[in-house]
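A.B. asks: Numbering (the UniProt record's numbering), first residue to last: 1 to 337. All residues carry an ideal CB built from backbone N, CA and C; glycine is no exception. Owing to the predicted nature of the structure, the values given are computational and were not obtained by experimental measurement. Provided herewith is a single structure, encoded as structure tokens, for subsequent inquiry.
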């Protein structure tokens, strides 16, 4: 600005000395109270706090500034702004690292530490002892001395998956630590030992799991997804894959189709039996009338079963009738001329 603008009172409206922050932003709200009008100032600082100050007029242009409160806006939160809006994210999400001491240490997150029961937020001023954290090396063996109990506390997930022969299937495995390397092992049905799976054209390893294309019967078995970081290895998930033979699937579908036809025949026979009982109970309804009614019902069923073909034949028949009728109407005119 070319020339400074001074307050009407001849001095600063608000001042603070010997503080560890600077005022960077100001917003003023003009408030109407019971005993008058006041200016409430919201003063932003360079340390992420907001001062809420009210300016009160006194006699002879004297002003009194009262700090109502100091708002701590950024309480371990991250704010991301864009053209579409504002998003708020927590700086720590320790619960996503699992329920074991080893997983918490392997995460190497400075915001998180193992407190003996769970992976929770780490506070330097915390009075709680036995906080286990190793950001520098991420070695759970040196931090989790009860590592066996820690791992058994969260057993590996076990799932059963069914796949159809010659189709594809996906075995999901997502490690909690981004630094862990994943290895897959299979214990085939009837075998006592496990072998490491090597990726090839049919078995594809991804960051989210294992994709098996064109399933074969020999692919059945127990799959182990293991995460390794430094010298620490643990199982994330165990998946039992059952491969259903394609021929067996076709036989099942054929049996379901035949079962559906049998149900339709049974329903039709029950309906006819019901009609027959109605004839016996009604003396005015003859057997000839029943047969004629069944004949008309079968005729309607075949017509509906024909679908578009039957409708097309009906339309062609109507067109021929209309053309023949038009020719008969035009015949006398031609004779008259």
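1. Can you check DSSP and say which residues form a bridge with residue 79?
2. Considering only the beta carbon of each residue, do residue 158 and residue 238 sit closer than 8 Å?
3. Quick check: the Cα distance between residue 341 and residue 210, rounded to an integer number of angstroms?
4. Is it right to say residue 100 is buried, meaning 16 or more other beta carbons lie within 10 angstroms of its own, or is it exposed?
5. Using a Cβ cut-off of 8 Å (strictly closer), state whether residue 107 contacts chain E.
6. With residue 228 as the anchor, note down where its beta strand (DSSP E) starts and where it stops.
7. Are the beta-carbon atoms of residue 108 and residue 122 separated by less than 8 Å?
8. Just the Cα atoms here: how many angstroms apart are residue 135 and residue 105?
9. For residue 40 and residue 51, what's the separation of their Cα atoms in angstroms?
10. In whole angstroms, what separates the C-alpha of residue 21 from that of residue 46?
11. Thinking C-alpha only, which one of 75, 115, 224 and 300 is nearest residue 49?
12. Let me confirm a value: residue 33 is counted as buried when at least 16 other C-beta atoms fall within 10 Å, else exposed. Which label applies?
13. What whole-angstrom Cβ distance do residue 116 and residue 176 have, given they're in contact under 8 Å?
14. Is residue 144 helix, strand or coil by DSSP?
15. If we count the other Cβ atoms within 10 Å of its Cβ and call it buried at 16 or more, is residue 207 buried or exposed?
16. Spell out the partners DSSP gives residue 184 in its beta bridges.
17. Since residue 197 and residue 185 are thought to touch, with beta carbons under 8 Å apart, how far apart are those beta carbons, to the nearest angstrom?
18. Tell whether a beta-carbon distance below 8 Å holds between residue 87 and residue 232.
19. Take residue 138 as the anchor and find which of 180, 164, 174 and 3 has the nearest alpha-carbon.
20. So, is residue 234 buried or exposed, given that buried needs 16 or more other C-beta atoms within 10 angstroms?
21. Considering only their Cβ atoms, is the gap separating residue 218 from residue 194 smaller than 8 Å?
22. Please state whether DSSP places residue 35 in a helix, a strand or coil.
23. Determine the direct distance from the alpha carbon of residue 38 to that of residue 15, and round the result to whole angstroms.
24. To the nearest whole angstrom, what separates the beta carbons of residue 91 and residue 111, a pair I think is in contact under 8 Å?
C.D. replies: A quick look at the data gives this:
1. 88
2. yes
3. Outside the modelled stretch of the chain, which goes from 1 to 337, sits residue 341, for which no answer is possible.
4. buried
5. Going by chain labels, chain E is absent from the structure shown, which holds only one protein chain.
6. 221-229 is the span of the beta strand (DSSP E), which, as asked, contains residue 228.
7. no
8. Whole-angstrom Cα-Cα distance: 7 Å.
9. 10 Å
10. 6 Å
11. Looking at the Cα atoms, 75 is the closest of the given residues.
12. exposed
13. Not a contact, Cβ separation roughly 19 Å.
14. coil
15. With fewer than 16 other CB atoms across the displayed protein chains lying within 10 angstroms of its CB, residue 207 is exposed.
16. 225
17. 7 Å
18. no
19. It is 180 whose Cα lies nearest to the Cα of residue 138.
20. Counting Cβ neighbours within 10 Å, residue 234 comes out buried, since at least 16 surround it.
21. no
22. coil
23. Those two C-alpha atoms are separated by around 18 Å.
24. 6 Å between Cβ atoms; contact.
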